[in-house]
Amino acid sequence: MRTRCLAVIILSVVFVLGCMGGQEQTTTTLPEATIRSPTTNVVVPTTLQKDIQDYQTAMAGSDVSACDNIADEKIRELCMRDQAVKALNPRMCEDVTAPSLKDTCYHKIAITIHDKSLCSKISGNFVRNACNNKA
Numbered sequence: 001m002r003t004r005c006l007a008v009i010i011l012s013v014v015f016v017l018g019c020m021g022g023q024e025q026t027t028t029t030l031p032e033a034t035i036r037s038p039t040t041n042v043v044v045p046t047t048l049q050k051d052i053q054d055y056q057t058a059m060a061g062s063d064v065s066a067c068d069n070i071a072d073e074k075i076r077e078l079c080m081r082d083q084a085v086k087a088l089n090p091r092m093c094e095d096v097t098a099p100s101l102k103d104t105c106y107h108k109i110a111i112t113i114h115d116k117s118l119c120s121k122i123s124g125n126f127v128r129n130a131c132n133n134k135a
């Protein structure tokens, strides 16, 4: 059940980030959660399922390089952001390229460690203002 909830959350974030990206991207169909090999009738994990497992593995530890195993760029960025927040290390936010994830990275850390100077690194006005009000 927990894995299913995490999968729904990650897919929702990926969907929202895709809508906010602003760049035209090619549409790909997401595969089913698992597929059966026609020759061996063995359940084979799909790329998305493997990415979710890699995300969970990365979050269970503290090594941000574990995020490098994730094939999907948006899930990998989410992993990098979450690792930075978990470590309370704003320097790790610099490696996040998605503007909305980078902003929330700085925002979450600034609020947690009460450091308003991090708010100035936030590009979005709404998130920056919220950060200044809460940090």
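If you read the sequence shown in the numbering used here, its first letter stands for residue 1, the second for the next number, and so on.
Using N, Cα and C, we set each Cβ at its ideal position, and we do this for glycine too.
Computed from a prediction, not measured in an experiment: that's the story for all the values here.
From the options, pick the residue whose C-alpha is nearest to that of residue i; which is it?
i	options	result
I113	E77, A135 and T47	A135
L48	A60, G61, S62 and N69	N69
I52	D63, S65 and R76	R76
D103	N89, C119 and R91	C119
E73	P90, V96 and N89	V96
Roughly how many angstroms separate the alpha carbons of residue i and residue j, rounded to a whole number?
i	j	result
A87	M59	11 Å
C131	T46	38 Å
D115	F126	17 Å
H107	L101	10 Å
E94	S117	15 Å
N89	V64	11 Å
N133	R91	22 Å
I111	K50	32 Å
L78	A71	12 Å
Residue j and residue i - do their beta-carbons sit closer together than 9 Å?
i	j	result
T85	I109	Position check: residue 85 holds Val in this sequence, whereas Thr was assumed. A contact, by the Cβ cut-off of 9 Å.
G61	P99	no
C67	Q56	no
In the DSSP assignment, find the alpha helix (DSSP H) that holds residue i and state where it starts and stops.
i	result
A58	T47 to A60
A130	N125 to K134
I122	I122 -> no alpha helix (DSSP H), and no H or E assigned at all.
C67	Neither: C67 is in no alpha helix (DSSP H) and is coded neither H nor E.
K146	It is not possible to answer for residue 146, since the shown part of the chain is limited to 1 through 135.
V85	E73 to A87
If contacts are defined as beta-carbon pairs under 8 Å, then residue i and residue j qualify, I think. What distance do you get, rounded to the angstrom?
i	j	result
C105	R81	5 Å
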